[in-house]
Amino acid sequence: MGKFLQFELWKNCHVGCKFCFNKYQPTSNTDDKLVALNKMLYVLNSDEIDEYDQVGFIGGEFFGGQLDTKEVKDKFYEGIDIIIERMKQNKINRFYIATSLIFDLNPEFNYFLQKFIEAKVLKRLMICTSYDIEGRFKTHKEEQLWQMNMLGLYEKYPMLPIHTQIVLTQNFIEHVLDNSFDIENFCNKYHTYIDYNIPHIGYDYRDKAEFDKLVPDFLPKRNDFPKFLHKTVIEDKTIDINRLFKPETKADVMYLIYINTIYRIVNKNYKTVLPFGLYNKSGYIDSDIKIWDDVNTFKEELNE
Ligand SMILES: C[S@@+](CC[C@H](N)C(=O)[O-])C[C@H]1O[C@@H](n2cnc3c(N)ncnc32)[C@H](O)[C@@H]1O
Ligand code: SF4
Numbered sequence: 102m103g104k105f106l107q108f109e110l111w112k113n114c115h116v117g118c119k120f121c122f123n124k125y126q127p128t129s130n131t132d133d134k135l136v137a138l139n140k141m142l143y144v145l146n147s148d149e150i151d152e153y154d155q156v157g158f159i160g161g162e163f164f165g166g167q168l169d170t171k172e173v174k175d176k177f178y179e180g181i182d183i184i185i186e187r188m189k190q191n192k193i194n195r196f197y198i199a200t201s202l203i204f205d206l207n208p209e210f211n212y213f214l215q216k217f218i219e220a221k222v223l224k225r226l227m228i229c230t231s232y233d234i235e236g237r238f239k240t241h242k243e244e245q246l247w248q249m250n251m252l253g254l255y256e257k258y259p260m261l262p263i264h265t266q267i268v269l270t271q272n273f274i275e276h277v278l279d280n281s282f283d284i285e286n287f288c289n290k291y292h293t294y295i296d297y298n299i300p301h302i303g304y305d306y307r308d309k310a311e312f313d314k315l316v317p318d319f320l321p322k323r324n325d326f327p328k329f330l331h332k333t334v335i336e337d338k339t340i341d342i343n344r345l346f347k348p349e350t351k352a353d354v355m356y357l358i359y360i361n362t363i364y365r366i367v368n369k370n371y372k373t374v375l376p377f378g379l380y381n382k383s384g385y386i387d388s389d390i391k392i393w394d395d396v397n398t399f400k401e402e403l404n405e
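Taking the working numbering, the leading residue of the sequence shown gets 102, the next gets one more, and so forth.
Below is the structure:
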């Protein structure tokens with residue numbers, strides 16, 4: 102198995118999730134987007150690309166109006182064409198594209214899919230979307246649009262893999278504990294599998310308390326987490342503890358373009374490259390103990 106290279110091209114997104122860590126980040130204009138796309142093309146055309154058998158693009162968002170000028174659209178698809186060519190040559194096994202799927206799939210997203218269909222590599226494309234009970238969909242209509250897109254994609258392209266990220270918020274934990282959200286039903290209904298994000302407050306809030314006032318029930322309470330693990334890992338067997346917070350889709354190398362500066366991040370070591378501390382702003386609302394440490398303790402107890 103080769104390595105996974107990911108590009109975060111811009112943070113722009115039309116959706117505006119209440120909790121999004123990109124919410125107050127600078128948006129990229131056409132020139133900024135072209136800088137990012139040119140960097141991506143430079144890497145795709147260099148010898149470095151031979152190191153990777155998986156490539157991913159993440160935003161922000163690319164669809165729903167973000168490929169908004171001809172130049173941006175052309176450069177984006179120049180990159181997609183290079184990736185598809187390498188997929189046809191079996192040099193790239195999988196391409197991941199992150200998208201909210203909260204937009205009309207016609208004609209933009211279908212145009213994108215059509216390229217993979219024509220090249221007969223659709224089943225090696227992976228759509229990486231997200232779902233959250235609170236804070237993601239501003240209206241019931243938006244949630245219905247996401248649901249319709251998920252069901253419609255499966256109906257039309259059953260071989261197209263779709264992966265869903267859910268933020269492990271207090272709200273989500275409570276819905277799972279009182280059975281108002283059923284993980285297994287969700288996966289079966291939408292033909293998807295889930296990985297979970299550790300919730301964090303992003304770059305723009307002073308501390309967890311300030312964030313919690315504006316986005317309540319997001320950061321989990323430490324007491325509820327073992328109950329959640331017991332239910333999902335032991336009782337329902339809907340979460341594989343060895344996979345929790347360790348998605349296979351974690352990139353080995355990521356090019357992150359932030360205010361026209363290009364960061365090369367190895368093994369997601371954001372701490373060393375970004376001008377802001379992020380890691381101490383994630384996890385429980387009521388404890389500085391890392392969720393990850395509690396996952397490890399749970400694992401050890403399970404193996405005893
Ligand atoms: C920034 S989004 C970009 C891709 C796409 N727009 C989406 O929402 O899937 C990437 C992932 O970050 C997650 N995310 C956003 N804000 C977060 C936060 N404050 N804490 C944890 N995860 C967060 C989203 O839910 C999503 O799964
Ligand atoms: S769809 Fe993704 S990028 Fe857009 S606001 Fe929501 S989490 Fe952030």
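Ideal placement from N, C-alpha and C gives every residue a C-beta, glycine not left out.
In this structure, the straight-line span from the alpha carbon of V268 to that of M227 is close to 19 Å. Within its own chain, the residues whose Cβ lies closer than 6 Å to the Cβ of G303, once the five positions on either side in sequence are excluded, are F122, listed in chain order. Put simply, the stretch 389-399 touches the stretch 323-335. At least three CB pairs are less than 8 Å apart.
Within 10 angstroms of the beta-carbon of G103 lie fewer than 16 other beta-carbons, which makes it exposed. Between T265 and Y297, the C-beta gap is not smaller than 7 Å, which leaves the two residues out of contact. The distance from the Cβ of N113 to that of S129 is about 6 Å, consistent with a contact at the 8 Å cut-off. For D296, DSSP records a beta bridge to Q266.
At a cut-off of 6 Å, the beta-carbon of S201 counts as near ligand 2: some heavy atom of the ligand is closer than that.
Residue side-chain check: P300 places its Cβ nearer than 6 Å to a non-hydrogen atom of ligand 1. In this chain, the alpha helix (DSSP H) harbouring D313 covers K309 to L315. Residue ranges of uninterrupted alpha helix (DSSP H) with 4 or more members, entirely inside the stretch 115-151 and ordered along the chain, are 131-145. Restricting attention to N404, V354 and K391, the CA atom closest to the CA of I159 is found in V354.
With respect to the C-alpha of T293, the residue from P259, D394 and T270 having the closest C-alpha is P259. I263 counts as buried, since at least 16 other C-beta atoms from the protein chains shown sit within 10 angstroms of its C-beta. Just measuring C-alpha positions, the residue of L142, K119, C118 and F120 sitting nearest L110 is L142. Excluding sequence positions up to five before and after D151, its CB lies within less than 8 Å of the CB of K192, all in the same chain and listed in chain order. E405 has its alpha-carbon roughly 43 Å from the corresponding atom of L254.
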